[in-house]
Structures are given as structure tokens and as C-alpha cells.
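Participant: Convert by adding 5 to the 1-based position in the sequence shown; the result is the number in my numbering.
Here a beta-carbon is modelled for each residue, glycine too, at the ideal position from N, C-alpha and C.
Note that the structure is a prediction, hence the values are computed from the model and not measured.
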Amino acid sequence: MADSWNEKIMAEFRANGGKVGGPFENLTLLLLHTTGAKSGEPRVNPAATFVIDGKRLIVGSAGGADADPAWVHNLRANPEAHIEIGTDEYDVVARELPHAERDAAYARIVELAPGFADYEKKTDRVIPVVELTRR
């Protein structure tokens with residue numbers, strides 16, 4: 006079950022055709038539907054998304070926390086997912102970007118959303134970048 010913070014974001018997203026205000030006002034968000042890696046239960050999480058070189062990307066920043074967000078673990082266990090973006094929704098396959106590709110993509114993401122640089126400074130882990138390809 007999503008926490009109340011995520012529930013509020015998801016409710017605002019759905020009520021406003023994918024638009025969310027506050028700290029997310031200048032970002033494009035999507036709602037990522039995954040299957041729990043351990044539970045097998047359906048999970049939904051909001052995530053910022055970027056299109057770079059024609060690829061739809063999401064970032065497992067967790068605000069710079071020391072652990073990857075649960076949705077990253079879920080996608081590693083089962084890369085088939087579903088997204089809601091704007092008023093559209095469709096099935097996707099997730100692919101975690103390998104090192105060099107991830108580094109180049111993350112640098113571009115920081116150019117578009119400088120706050121993501123702060124997340125890297127807060128943690129020693131490599132923040133995963135995941136490509137979502139429409140099925």
C-alpha cells in the first residue's frame with residue numbers, strides 16, 4: 006500500500022490529467038504500476054519521468070536515501086509494468102541502464118532538473134535510471 010504522501014500525489018495526478026503542483030510543478034510525473042517483488046501484490050508509485058534521446062526514463066532517487074526505492078526492486082524482479090502518464094496509460098517493459106549509459110542519462114537529467122544533483126550528493130549508492138519501453 007502506498008504511503009499517504011504518494012496517495013495525495015496520485016490523487017492530484019488523476020484529478021488533473023497528470024498535472025501535479027508544489028515541488029513537482031515543473032516536472033512530468035507518471036504513475037508506475039509494478040508487481041511487488043516479494044508479495045506479488047500490485048503496487049503504484051509516482052515517479053518523475055524524462056524523455057532523453059527518445060527514451061522514457063525514470064530515476065530511482067528516493068530523494069537521495071541510502072536504499073533504492075521499492076519500485077526499483079519490483080522492476081528488477083519483474084520488468085513488465087504499466088504506466089499512467091497525462092491522460093494516457095499503457096504497458097511497458099523496464100530496463101535498468103548499465104553504468105556508462107546511466108551516467109550519461111543522469112547528467113542530462115540533472116541539466117533538466119538540477120535538484121537531482123542534490124540526491125546524488127546525499128548517498129553513496131549509484132542512483133538507478135530505468136528506461137520504460139512501450140509494449
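To the nearest whole angstrom, what separates the beta carbons of Glu125 and Ile114, a pair I think is in contact under 8 Å?
Facilitator: Translated into the one-based positions of the sequence shown, residue 125 becomes position 120. Translated into the one-based positions of the sequence shown, residue 114 becomes position 109. Not confirmed; about 10 Å, so no contact.
Participant: If the criterion is Cβ atoms closer than 9 Å, does the pair Val98 and Glu85 meet it?
Facilitator: Start at 1 with the first residue of the sequence shown, and residue 98 comes out as number 93. Start at 1 with the first residue of the sequence shown, and residue 85 comes out as number 80. Yes, they are a contact pair.
Participant: I'd like to confirm the pairing. Which residues does DSSP put opposite Val77 in its beta bridges?
Facilitator: For this step, residue 77 is matched to residue 72 along the sequence shown. DSSP output for Val77 lists no bridge partner at all.
Participant: Give me the Cβ distance between Asp96 and Arg140, rounded to the nearest whole Å; I'm assuming they're in contact under 8 Å.
Facilitator: As a first step, residue 96 is located in the sequence shown; it is residue number 91 there, counting from the start. As a first step, residue 140 is located in the sequence shown; it is residue number 135 there, counting from the start. Between Arg140 and Asp96 the Cβ distance is about 4 Å, and since that is below 8 Å, they are a contact.
Participant: What first and last residue would you give for the alpha helix (DSSP H) that runs through Ala16?
Facilitator: Counted from its first residue, the sequence shown places residue 16 at position 11. Looking at the DSSP string, the run of the alpha helix (DSSP H) that includes Ala16 is 9 to 20.
Participant: Within a Cβ cutoff of 6 Å, which residues of the same chain sit near Pro74, ignoring the five residues on either side of it in sequence?
Facilitator: As a first step, residue 74 is located in the sequence shown; it is residue number 69 there, counting from the start. Non-local C-beta neighbours of Pro74 in its own chain, meaning closer than 6 Å and more than five positions away in sequence, comprise Gly65, Ala67, ordered along the chain.
Participant: Below 8 Å, is the gap between the Cβ of Ala67 and the nearest heavy atom of the ligand ATP?
Facilitator: Ligands in the displayed structure: none, and consequently the ligand ATP is not present.
Participant: Is Ala82 buried or exposed, if buried means 16 or more other CB atoms sit within 10 Å of its CB?
Facilitator: Position 77 of the sequence shown, counted from the start, is the residue given in the question as residue 82. When all chains shown are included, Ala82 counts as exposed.
Participant: Could you give the DSSP three-state label for Leu30: helix, strand or coil?
Facilitator: The residue you call residue 30 lines up with position 25 of the sequence shown. In the sequence as presented, Leu is not what sits at residue 30; that position holds Glu. Correct three-state label for Glu30: coil.
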